[in-house]
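For reference, the structure is listed below as structure tokens.
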Amino acid sequence: MLNGELESGEIVVLWETLVLWGIAPPEEWVITVRPARFEADRTPLDFEVGHYSAHDYRAFLDGELVFVVVVAEVFEGDVSLAQVEVDGLGWRPDNQKPQYVGDADVDGLLSYEDLRELVSDVLASAEREVGA
Numbered sequence: 003m004l005n006g007e008l009e010s011g012e013i014v015v016l017w018e019t020l021v022l023w024g025i026a027p028p029e030e031w032v033i034t035v036r037p038a039r040f041e042a043d044r045t046p047l048d049f050e051v052g053h054y055s056a057h058d059y060r061a062f063l064d065g066e067l068v069f070v071v072v073v074a075e076v077f078e079g080d081v082s083l084a085q086v087e088v089d090g091l092g093w094r095p096d097n098q099k100p101q102y103v104g105d106a107d108v109d110g111l112l113s114y115e116d117l118r119e120l121v122s123d124v125l126a127s128a129e130r131e132v133g134a
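Printed below as a string of structure tokens:
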């Protein structure tokens, strides 16, 4: 979030979702999640055997499979209180070469459980920062 405006691909985690997860941050906090950058040094070979196939590796070489870093951040107004990132998320945008990381769909990169864990982690970090 820059100057109160969402960045490309950034989503705000809704209060309804936080309530479903049993999370209750201060009302003035806003939690966002966004695809932040491509991981230029990550390849399918960096994962355990069987995670990616030879077909996936070919897609990677052709630029049709890239790895993305996703960032969750907590804001109070325009001030960032905490930020947590997760890397190594494979993105394959309709078998075409991705041009801009902001085009990545956060919901497609993270499972519901992974999103919940990422949001919990960033909220815990923010609470430590402000001493809440």
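Each residue of the sequence shown is one higher than the last, beginning at 3 in our numbering. Ideal Cβ placement from N, Cα and C applies to all residues, glycine included. Quick caveat: nothing in here was measured; it's all calculated off a predicted structure.
- The beta strand (DSSP E) runs lying completely inside the region 52–130 and spanning 3 residues or more are 68–78, 81–93, given in chain order.
- Its Cα nearest to that of Val-81, the residue Thr-34 stands out among Thr-34, Tyr-102, Asp-123.
- Here the alpha carbon of Ala-126 sits roughly 22 Å from the alpha carbon of Leu-91.
- Taken atom to atom, the span from the alpha-carbon of Pro-28 to that of Glu-18 is near 14 Å.
- The beta-bridge partner set that DSSP reports for Val-14 consists of Thr-34.
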